[in-house]
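Engineer: Position 234 of the sequence shown, counted from 1, bears residue number 254 in this note's numbering, the numbering being contiguous throughout.
Yeah, the Cβ is synthetic: ideal placement off N, Cα and C, and Gly gets one too.
Computed from a predicted model, the values in this text were never measured in an experiment.
Let me give you the structure first, and then I'll get to my questions.
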Amino acid sequence: MARALMIQGTGSNVGKSMLVAGLCRAALRRGLSVAPFKPQNMSNNAAVTPGGGEIGRAQALQAMACGLPSHTDMNPVLLKPESEVGAQVIVQGKRRTTTRAQDYAALKPTLMGAVLESFHRLEAQHDLIIVEGAGSPAEINLRKGDIANMGFAEAAGVPVVLCGDIDRGGVIAQIIGTQAVMPPADASRIKGFIINKFRGDPSLFAEGYTAIEAMTGWRGYGVAPWFAEAWRLPAEDALDIVSSPTKRGFHIVCLHLSRIANFDDLDPLVQEPGLRVTMLPAGQAIPADADLVIVPGSKSTRGDLAYLRAQGWDIDLIAHYRRGGRVFGICGGYQMLGQSVTDPRGIEGAPGSTLGLGLLDVSTMMGGDKSLREVCALHTALDLPFTGYEIHIGQTDGPDCARPFAYVEGRPEGAVSADRRVEGSYLHGMFADDAFRTAWLAGLGAQPSAHAHSARVEATLDALADHLEAHLDVPALLALGAQS
Numbered sequence: 021m022a023r024a025l026m027i028q029g030t031g032s033n034v035g036k037s038m039l040v041a042g043l044c045r046a047a048l049r050r051g052l053s054v055a056p057f058k059p060q061n062m063s064n065n066a067a068v069t070p071g072g073g074e075i076g077r078a079q080a081l082q083a084m085a086c087g088l089p090s091h092t093d094m095n096p097v098l099l100k101p102e103s104e105v106g107a108q109v110i111v112q113g114k115r116r117t118t119t120r121a122q123d124y125a126a127l128k129p130t131l132m133g134a135v136l137e138s139f140h141r142l143e144a145q146h147d148l149i150i151v152e153g154a155g156s157p158a159e160i161n162l163r164k165g166d167i168a169n170m171g172f173a174e175a176a177g178v179p180v181v182l183c184g185d186i187d188r189g190g191v192i193a194q195i196i197g198t199q200a201v202m203p204p205a206d207a208s209r210i211k212g213f214i215i216n217k218f219r220g221d222p223s224l225f226a227e228g229y230t231a232i233e234a235m236t237g238w239r240g241y242g243v244a245p246w247f248a249e250a251w252r253l254p255a256e257d258a259l260d261i262v263s264s265p266t267k268r269g270f271h272i273v274c275l276h277l278s279r280i281a282n283f284d285d286l287d288p289l290v291q292e293p294g295l296r297v298t299m300l301p302a303g304q305a306i307p308a309d310a311d312l313v314i315v316p317g318s319k320s321t322r323g324d325l326a327y328l329r330a331q332g333w334d335i336d337l338i339a340h341y342r343r344g345g346r347v348f349g350i351c352g353g354y355q356m357l358g359q360s361v362t363d364p365r366g367i368e369g370a371p372g373s374t375l376g377l378g379l380l381d382v383s384t385m386m387g388g389d390k391s392l393r394e395v396c397a398l399h400t401a402l403d404l405p406f407t408g409y410e411i412h413i414g415q416t417d418g419p420d421c422a423r424p425f426a427y428v429e430g431r432p433e434g435a436v437s438a439d440r441r442v443e444g445s446y447l448h449g450m451f452a453d454d455a456f457r458t459a460w461l462a463g464l465g466a467q468p469s470a471h472a473h474s475a476r477v478e479a480t481l482d483a484l485a486d487h488l489e490a491h492l493d494v495p496a497l498l499a500l501g502a503q504s
């Protein structure tokens, strides 16, 4: 059986995903066959696996750090929030059901079988499994039937290292408080801690570090400073979406929808040095100097149409278009640009129909099977092939589909307005294709750099591993897996 190590956190967004990715790359460079695993994830930023399933984007990045293609066993349970109280439940890559938060507690224990099945398959194939927890083991109200943190660690016999985030403050209380509220059996499974996201001189925290060791009895495995290059890696949490550091050049504005999905579509654009990319938050008007506005994917198209209108962005989009600006809708954003979105079965919320933005002469009917696959497409205007993936429910049709955005396996895909200033497509991931991104941006009048996006991500993963090697006791951390 493979060795295994689990990284849990004192809370959400403390850096667990980055730590796992860096440790995976460090293990790979030691010649180990290593794989990532997250029993349960909650994210609308999903990746499509080569086998046609979906997992959290963070696990796809971690697979890349391991030198592996992504697989649904790496994230057997994925929750995709569709509303404030409900989420779609993906099990081993396929949609199982949609459930309300209050009902998930009853469903959760039934999923442990699938979780352990996936974990044991990975164990049989690799030397080391590095597991990422979800949220925090301090959420003792969720401990019964838990599959994400200590419930999984106990069932699989995996040792745990706890990560605290010093950047948000109170890290001493984060770690000591976590131990204080946990059942003793769970606390005994934790073998040590890591302090993450330190800014400044780590030696200034020496006294606090020693205090945590003394008060918990846990070993410290180091203090990891803030990793400045993290923005170059796909973010899992919508809270981590960043605008580009560039303040001049061709200006792309992306609307930060409340249920934004697959937002890593924008990562390759954010990293273009000649582009200014603004992730527009709620309450701010679309800038008058925007050259292109992107309406991104959404896990709740009709819900985000209402959210978009509440910000006044529908009015701003019409004004932008009348000024000669361009608009591009991706997946849910494509659906919003049409005349209407109808959901008779209530797949994404209450049954009904919502008036679209009317910038494309198409309409969408929710229903049918979910499209989940990697694709090779041919861009119509450029006559240029590119790669991407589909992950959507719904069928879109109308007069503007006679001018398709692309062709996939000979069939038309997407739609373009008669004046060609408004485009829509269901395809995600197209901007990661370097040749396509360069040609598409040049066609818009931008000045792309033709940077190799995948190579830059790989280099950043190497830099992350170097960063952890320099500041954490990585050999001791990897050796912990031998105790599983």
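Below 8 Å on the Cβ atoms is my contact criterion, and I expect Gly414 with Gly449 to pass it. Report the Cβ-Cβ distance as a whole number of Å.
Structural biologist: The residue you call residue 414 lines up with position 394 of the sequence shown. The residue you call residue 449 lines up with position 429 of the sequence shown. Contact doesn't hold; Cβ gap of about 19 Å is too wide.
Engineer: Could you tell me which residues DSSP pairs with Arg120 in its beta bridges?
Structural biologist: The count along the sequence shown starts at 1 and reaches residue 120 at position 100. DSSP lists Gly106 as partners of Arg120.
Engineer: My output table needs one value for Glu489: the three-state DSSP class, helix, strand or coil.
Structural biologist: Along the sequence shown, one-based indexing puts residue 489 at 469. It is helical.
Engineer: What is the DSSP secondary structure of Cys359, reduced to helix, strand or coil?
Structural biologist: As a first step, residue 359 is located in the sequence shown; it is residue number 339 there, counting from the start. Rather than Cys, the amino acid found at residue 359 in this sequence is Gln. Gln359 falls in the coil class under three-state DSSP.
Engineer: Can you tell which of Gly269, Leu488, Arg268, Asp285 has the C-alpha that lies nearest to the C-alpha of Leu275?
Structural biologist: Taking the sequence shown and counting its residues from 1, one reaches residue 275 at position 255. Here the closest residue by C-alpha is Asp285.
Engineer: By Cβ distance below 8 Å, which residues in the same chain neighbour Asp334 in space, the five residues on each side in sequence not counted?
Structural biologist: Residue 334 sits at position 314 when you count from the first residue of the sequence shown. Leu328, Leu377.
Engineer: Following the continuous alpha helix (DSSP H) through Pro15, name the residue where it begins and the one where it ends.
Structural biologist: The chain is shown only over 21 to 504; residue 15 falls outside these bounds and no answer can be derived.
Engineer: Tell me the rounded alpha-carbon separation between Ala370 and Asp363.
Structural biologist: Along the sequence shown, read from residue 1 onward, the residue named residue 370 stands at position 350. Along the sequence shown, read from residue 1 onward, the residue named residue 363 stands at position 343. Near 8 Å, if we compare the C-alpha coordinates of Asp363 and Ala370.
Engineer: With burial defined as no fewer than 16 other Cβ atoms inside 10 Å of the residue's Cβ, what is the status of Thr198: buried or exposed?
Structural biologist: Residue numbering aside, residue 198 sits at position 178 when the sequence shown is read from its first letter. Flag for Thr198 reads buried.
Engineer: Taking the runs of the alpha helix (DSSP H) that are 4 residues or longer, which of them lie wholly in the stretch 293-325?
Structural biologist: List check, alpha helix (DSSP H) in window: nothing returned.
Engineer: For the structure I just gave you, are there three or more beta carbon pairs, one from the stretch 416-429 and one from the stretch 259-273, closer than 8 Å?
Structural biologist: The stretch 416-429 is not in contact with the stretch 259-273.
Engineer: Can you give me the C-alpha to C-alpha distance between Thr374 and Lys390, rounded to a whole angstrom?
Structural biologist: The sequence position of residue 374 within the sequence shown is 354, counting from 1. The sequence position of residue 390 within the sequence shown is 370, counting from 1. Roughly 21 Å between the two C-alpha positions.
Engineer: Per DSSP, which one or two residues make a beta bridge with Pro432?
Structural biologist: As a first step, residue 432 is located in the sequence shown; it is residue number 412 there, counting from the start. In the DSSP output, where bridge partners are listed per residue, Pro432 has Tyr427.
Engineer: Measuring alpha carbon to alpha carbon, tell me which residue in Ser32, Ser474, Glu102, Arg23 is nearest Pro254.
Structural biologist: Numbered from 1 along the sequence shown, position 234 holds the residue referred to as residue 254. When each option's Cα is compared against that of Pro254, the closest is Ser474.
Engineer: Could you confirm whether any beta carbon from chain D is found closer than 8 Å to the beta carbon of Leu398?
Structural biologist: No chain D appears in the structure shown, which is made up of a single protein chain.
Engineer: For Arg23, count neighbouring C-beta atoms within 10 Å of its own C-beta (all shown protein chains included) and say buried if the count is 16 or more, exposed if not.
Structural biologist: Looking up residue 23 in the sequence shown gives position 3. Arg23 comes out buried.
Engineer: For Leu337 versus Leu379, is the C-beta distance shorter than 8 Å?
Structural biologist: Counting from one through the sequence shown, the residue named residue 337 turns up at place 317. Counting from one through the sequence shown, the residue named residue 379 turns up at place 359. In contact: Leu337 and Leu379 (Cβ atoms closer than 8 Å).
Engineer: Compute the distance between the beta-carbons of Leu81 and Ala46, then report whether it is under 8 Å.
Structural biologist: Locating residue 81 in the sequence shown gives position 61, counting from the first residue. Locating residue 46 in the sequence shown gives position 26, counting from the first residue. No, these two residues do not count as a Cβ contact at 8 Å.
Engineer: Assign Asn95 to buried or exposed, taking buried as 16 or more other Cβ atoms, counted over all protein chains shown, within 10 Å of its Cβ.
Structural biologist: Looking up residue 95 in the sequence shown gives position 75. The residue in question, Asn95, is buried, as its Cβ has 16 or more Cβ neighbours within 10 Å.
Engineer: Quick one: what's got a C-beta closer than 6 Å to Phe218's C-beta in the same chain, skipping five residues either side?
Structural biologist: The residue you call residue 218 lines up with position 198 of the sequence shown. Cβ within range, chain order: Ile186, Val243, Pro245.
Engineer: Between the stretch 47-65 and the stretch 437-449, do three or more beta carbon pairs fall short of 8 Å?
Structural biologist: Too few Cβ pairs lie closer than 8 Å, so no.
Engineer: Output the distance between the C-alpha atoms of Ala470 and Phe225, rounded to the nearest integer angstrom.
Structural biologist: Residue 470 sits at position 450 when you count from the first residue of the sequence shown. Residue 225 sits at position 205 when you count from the first residue of the sequence shown. If you take the alpha carbons of Ala470 and Phe225, they lie about 43 Å apart.
Engineer: The alpha helix (DSSP H) with Gly133 in it runs from where to where?
Structural biologist: Along the sequence shown, read from residue 1 onward, the residue named residue 133 stands at position 113. 132-145 is the extent of the alpha helix (DSSP H) around Gly133.
Engineer: Could you tell me whether the stretch 201-209 touches the stretch 447-463, using the rule of 3 or more Cβ pairs below 8 Å?
Structural biologist: In short, these stretches do not touch, since the Cβ pair count stays below three.
Engineer: Quick one: grab the DSSP three-state call for Gly372.
Structural biologist: Translated into the one-based positions of the sequence shown, residue 372 becomes position 352. Of the three classes helix, strand and coil, the one that applies to Gly372 here is strand, per DSSP.
Engineer: Kindly indicate which three-state DSSP category Met235 falls into: helix, strand or coil?
Structural biologist: In the sequence shown, counting from the first residue as 1, residue 235 sits at position 215. If DSSP states are grouped into helix, strand and coil, Met235 belongs with the helices.
Engineer: Buried or exposed: where does Lys164 fall if 16 or more other Cβ atoms within 10 Å of its Cβ makes it buried?
Structural biologist: The residue given as residue 164 occupies position 144 in the sequence shown. With fewer than 16 Cβ atoms within 10 Å of its Cβ, Lys164 is classed as exposed.
Engineer: Hey, how far is the Cα of Leu497 from the Cα of Gly29?
Structural biologist: Start at 1 with the first residue of the sequence shown, and residue 497 comes out as number 477. Start at 1 with the first residue of the sequence shown, and residue 29 comes out as number 9. Each residue's Cα considered, the two are about 15 Å apart.
Engineer: Quick one: what does DSSP say Ser445 is sitting in, helix, strand or coil?
Structural biologist: Start at 1 with the first residue of the sequence shown, and residue 445 comes out as number 425. Residue state, collapsed to three classes: strand.
Engineer: Rounding to the nearest angstrom, what Cα-Cα distance links Phe213 and Leu162 in this structure?
Structural biologist: Against the sequence shown, residue 213 aligns to sequence position 193. Against the sequence shown, residue 162 aligns to sequence position 142. Computed Cα separation, rounded: 22 Å.
Engineer: Between which two residues does the beta strand (DSSP E) containing Asp185 stretch?
Structural biologist: Position 165 of the sequence shown, counting from 1, holds the residue named residue 185. It spans 180-185 - the beta strand (DSSP E) in which Asp185 sits, taken as one unbroken run.
Engineer: Rounding to the nearest angstrom, what Cα-Cα distance links Ala234 and Thr298 in this structure?
Structural biologist: Taking the sequence shown and counting its residues from 1, one reaches residue 234 at position 214. Taking the sequence shown and counting its residues from 1, one reaches residue 298 at position 278. Spanning the two alpha carbons is a distance of roughly 46 Å.
Engineer: Taking the straight line between their C-alpha atoms, what separation do you get for Ala134 and Ser32?
Structural biologist: Your numbering for residue 134 matches position 114 in the sequence shown. Your numbering for residue 32 matches position 12 in the sequence shown. Between Ala134 and Ser32, the C-alpha separation is close to 24 Å.
Engineer: Residue range of the beta strand (DSSP E) that Val54 falls in?
Structural biologist: Looking up residue 54 in the sequence shown gives position 34. It spans 54-57 - the beta strand (DSSP E) in which Val54 sits, taken as one unbroken run.
Engineer: By DSSP, does Ala397 sit in helix, in strand, or in coil?
Structural biologist: Working through the sequence shown from its first residue, we reach residue 397 at position 377. DSSP places Ala397 in strand when its eight states are reduced to three.
Engineer: First and last residue of the beta strand (DSSP E) that includes Leu404?
Structural biologist: Translated into the one-based positions of the sequence shown, residue 404 becomes position 384. Segment 404-412, the beta strand (DSSP E) holding Leu404.
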